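Right, one structure below, let's go through it.
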Amino acid sequence: MSEAFKLQPLEIEEYSLENGLRVVLNKDDAIPVVSVAVYYNVGSRNERPDRTGFAHLFEHMMFQGSENVPKAGHFQFIMKAGGTMNGTTSSERTNYYETLPANQLPLALWLESDRMRSLAVTQENLDNQREAVKEEKRLRYDNQPYGQIFDLINEMIYKNFANAHSTIGSMDHLDQASVEDVQEFFRIYYAPNNAVLVISGSFDVKTVQELVEKYFGDIPKQPLPPELDVSEPDEISNRYRQWEDKLAPFPAFLIGWKIPKRRAPEFNALYLAGKMLYDGDSSRLYQKLVKGDESVIQLFGFTDERRGPSSIFIGAIPKPDKDLSKIRDVIMHEIRDIAENGPDAREMQKVSNQLVNDSVRMRQSSMSRAQHIAEFALYDGDPKLINSELEELLAVTPDQIKAAVAKYLNTDNRALLDVVPAGKG
Amino acid sequence: MSCRQGRVDQTMTSTDFRKTVPEPLAPIAFSVPGAFETKLDNGLRIVIVQDDRFPLVSYRLAFNWGDVNDPADEIGSTSAMASMLNEGTENYSSLQLADEIERLGAHISVHASDDFTVLSASTLSLYSSEILRLAGEIALRPTFPETELDLYRRNTVEHLRFQRSQPGFLANEQAARLVFGEHPYARVSPTAADIEKLTRQELSAAHSRTFRPNNATFIVVGDVDREALLSEINDLFGNWPKADVESGSLSGFADRSGRTLTIVDRPGSAQSNIVLANLAIERKNPDYFPILVMNQVLGAGASSRVFMNLREEKGYTYGAYTRIDAKKLGGDFEATAEVRTAVTGDSLKEFFYELNRIRDEAVPAEELKDAQNFLTGVFPLRAETQEGLTNLIVNQLLYDLPKDYLETYRRNIEAVTVEEVQRVAKEYVRPDEMAIVIVGDAKEIIRQVESYSDSIELFDTEGNPIEHPGQEAAAN
């Protein structure tokens, strides 16, 4: 198995500009392509209780032009150079990225630096992007069956407002936002010393360093944003909510557990336990519920990685007329089995091979390398962790998995959301 | 947006360099690695592309046979056969297969589309022989166990029900029916009744109709030792007997003369899903490249005209696009957006404005150049991962495109002229013959859009015709 396999370490070079911008270079000449990722240390967790949805609205504003780039010019310049780009917002960070033919790197640096130093925050842009965000919310949340369940369960799992509220936020709050609010948000969070710039792909290191200095070097640093408290109280509670979903064709449920922060040994153990429970056709719950009992249409699970308290979810859409509590009993039974007996050797081997495979595939694209490296740089202050991540996960022992599952999953400390179809008929 | 390029003059201050778009660095050449090709005695075509960038291997066993080849009374049989192949073979149960494949951290799946059936496997090169052997087992020795088929039938029926809660599915279902008429492309999905009557014998028959070596290509991309691989392939697939490939005749596409308006009533919808569609081209049509470029100008991306208009200027939607779906035998042109209910009519107005504009006015040279630059520039990006490179090669082989297709792709894009763009827009974007399909809250929508057609067809989400909005479907 995986002992025979040694991952080639990625070439990583890191340094900071005088204004505090952290820069990470990952040179890889396999194909003439380059990716640039800029990660700002701001997400929904930084939002004020009366301004939820702001981090995400702001992500839209970043495509509305800056001193030397016209409104929507960002898309246009990247696309006409043969590139792709986007931005996303999570609880933890807001990221912007582009992938281009390698010789177009100066374009990406020009565009990213111009909006970092001189974003155009105008009333017209704000009004227009508020509408785009509202459409995004209708499309992704309001008009989709089960579209709101993850936001709802986060409110049940987390007690701290910073963790509990949704990234899409409140449309009322967005309506109340003024141009001044947005400008202030920009000044505080979009400073070079609150960001990480990662460049991955085919380039000449010296040329890139000169370009980075030229485009980003004179952007002034700002006082760092206030410290954030994302801690959660210790508690033992079993939370339950029933949610009527007008668009859902079937009942469904979602169970969520609060677990330690990402990269904590217990988080890693639970990440592996999750793979054993719900990842793939040979996973325990797939075999019990989709195959054995034939009781569910769809089974899913995942971990939500955060720098503070994180979470793990297991959900199912059962077949009509199936007893939901019996299905939950099966899930809890498998969890108890891991808590009492731990995973077996074959399961450990399977997870090891899957982890190796995931790591190799992640390294194929310059964009996924840039994004992974940016997370390690921003969250852990060490981009080189990308080279030890796999070993860290492969080092998790069956006993650690057993203990973490017993402590965090086989417990009353969980949230259960029942979705009840409330449409016509 | 004009892109200001030019020479920087002497008087520039320290930040004046920011006012101009930077010049690109020297371009770096890129070419797709060459392919080795051979054929086994039974007609199985083998294509091997050496890709040493990663310790990975990708396999594709692809058949020139798909859902369109379903017998009229066995709709869904090719897809069902494909899905069931890894649910049991002569030497492995469904669980044993899943367990063995996942134990190696690998992946094998089989999927039938309208035109093709493809077995895909990908693995660390460390396990390439084991996965090749399992792929051979799945391809050649499936047993279609009755219990697994029973589960497949029930799960698929539930899945079909679930799909009906998705507005995008409902819109595509109507658009395909209106554009493709009696042709099998009109069917985006089998019905529950089709699935419930499938038998083991039918799946076995579908397997032997589809899995014929002389109608297949075996494609390998990755970090492989070619000689060793060829001998393994010969051991696994050399004794697979060839057989004549049946050919049937298919009905023609819909003969549309005017614009139609179809609304799927989904009371309580927060948005209207709009699809505008008309018949366009098959994949090998010589107009493919001009259409690709025209579509890039019009609506393929976030800097294309319909996105700039409906999202960036009007704020009607999160995204508005056009697309060309060119299948083996034919295809369509579509414009799509999910818009808030109150601006459904206004959105149609803007769509038709853009569809007419690209027909009536020559595309400015710079806009054409931008679209071409995008298409040529993203091409190497698509080959970055091994899966991406494999897909490029598989498409070239399956659609029987010229051997130098990948090499000449960028040149063909660059050769498209302003005149050609306008010609293909006039020929393949046909606002007066389009099927307008809207999924949403009919009582809120009808008045906004009724002027776009002489009559309106209304359906419920089950696909049954209804007389007026909000009407309950007749029991079925």
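Chains A and B are the protein sequences, given in the same order.
Take the first sequence: its position 413, counted from the start at 1, is 413 in this note's numbering, and no numbers get skipped.
Take the second sequence: its position 26, counted from the start at 1, is 1026 in this note's numbering, and no numbers get skipped.
Think of the CB as a built atom: it goes at the ideal place given N, C-alpha and C, for glycine as much as any other residue.
On a predicted model such as this, the values are computed, not experimentally measured, just so you know.
task: Run down chain B in chain order and give the residues with a C-beta less than 8 Å from the C-beta of I297/A.
output: N1155, E1158, H1159 and F1162
query: Counting pairs of beta carbons, one from the segment 227 to 240 of chain A and one from the segment 303 to 322 of chain A, are three or more of them closer than 8 Å?
result: yes
F472/A and H74/A closer than 8 Å at C-beta: Only positions 1 to 425 of chain A appear in the structure, and residue 472/A is not among them; the question remains open.
- prompt: Between E1444/B and T1143/B, what straight-line distance do the alpha-carbon atoms span, to the nearest angstrom?
  reply: 52 Å
field: Residue from G20/A, R363/A, L416/A and A248/A with nearest C-alpha to G217/A
entry: G20/A
One or two residues paired with I1108/B in a DSSP bridge: A1121/B
message: Please state whether the Cβ-Cβ distance between V1032/B and L1392/B is less than 8 Å.
response: yes
task: Mind listing, in chain order, the continuous beta strand (DSSP E) runs of no fewer than 3 residues lying wholly within the segment 1013 to 1089 of chain B?
output: 1035 to 1039, 1045 to 1050 and 1056 to 1063
task: Within the same chain, show all residues whose beta-carbon is closer than 8 Å to that of P1465/B, passing over the 5 residues directly before and after it, in chain order.
output: E1457, L1458 and F1459
- prompt: Can you name the start and end residues of the alpha helix (DSSP H) that M1434/B belongs to?
  reply: Where M1434/B is concerned, there is no enclosing alpha helix (DSSP H), given that its DSSP letter is neither H nor E.
field: Secondary structure of T433/A, DSSP reduced to three states
entry: Chain A is shown only over 1 to 425; residue 433/A falls outside these bounds and no answer can be derived.
task: Taking a Cβ distance cut-off of 7 Å, strictly less, list which residues of the segment 308 to 334 of chain A are near chain B, in chain order.
output: K319
- prompt: What residues are listed by DSSP as bridge partners for G301/A?
  reply: I314/A
field: DSSP three-state assignment for F54/A, whether helix, strand or coil
entry: helix
- request: Note down the Cα distance separating H173/A from R48/A, rounded to an integer number of angstroms.
  value: 10 Å
E136/A: contacting residues in chain B (beta-carbon distance under 7 Å): Y1318
message: For a contact defined as C-beta to C-beta under 9 Å, what are the partners of Q1271/B on chain A?
response: E135, R138, L139, D142 and N143
query: Which of the residues in the segment 1016 to 1028 of chain B, read from start to end, lie with their CB under 9 Å from any CB of chain A?
result: F1017, R1018, K1019, T1020, V1021, P1022, E1023, P1024, L1025, A1026, P1027 and I1028
task: Using 10 angstroms around the beta-carbon of N163/A, count the other beta-carbons present and answer buried if the total reaches 16, otherwise exposed.
output: buried
- request: Kindly give me the distance between the Cβ atoms of L272/A and V396/A, rounded to whole angstroms, as I take these residues to be in contact under 8 Å.
  value: 5 Å
- request: Please work out which residues of its chain come closer than 7 Å, Cβ to Cβ, to T1461/B, disregarding the five sequence neighbours upstream and downstream, and give them in chain order.
  value: R1164, L1170, V1264 and R1266
message: Mapping the DSSP letters down to three states, classify K206/A as helix, strand or coil.
response: helix
- request: Leaving out five residues on either side along the sequence, give the residues of the same chain with a beta carbon under 7 Å from the beta carbon of D114/A.
  value: S66, E67, N68 and V69
query: Does any residue of chain A bring its CB to less than 8 Å from the CB of G1315/B?
result: yes
message: Between F77/A and V1306/B, how many whole angstroms is the CB-CB distance? I'm expecting something under 8 Å.
response: That belief does not hold up - the Cβ atoms of F77/A and V1306/B are roughly 19 Å apart, past 8 Å.
field: Given V205/A as reference, the closest of A404/A, K27/A and E391/A once Cα atoms are compared
entry: K27/A
- prompt: Which residues does DSSP pair with V121/A in a beta bridge?
  reply: The partner list for V121/A (beta bridge, DSSP) is empty, contrary to what the question assumes.
- request: Could you tell me which of F203/A, P320/A and N143/A sits nearest to P1024/B, measuring between CA atoms?
  value: F203/A
task: Compare the C-beta of E1462/B with all C-beta atoms of chain A and state if any pair is closer than 8 Å.
output: no
message: Between the alpha carbons of E1232/B and A1139/B, how many angstroms are there, rounded?
response: 15 Å
- prompt: Helix, strand or coil: how does DSSP classify I1281/B here?
  reply: coil
field: For L1397/B and G147/A, the rounded distance between their alpha carbons
entry: 39 Å
message: Looking at S1453/B: is its Cβ nearer than 8 Å to the Cβ of T1260/B?
response: yes
- prompt: In angstroms, rounded to a whole number, what distance separates the CA positions of I312/A and A269/A?
  reply: 12 Å
query: Quick one: which chain B residues come within Cβ less than 7 Å of N353/A?
result: R1103, L1104 and G1105
- prompt: Could you check where the alpha helix (DSSP H) with E1407/B kicks off and where it finishes?
  reply: Y1405 to E1414
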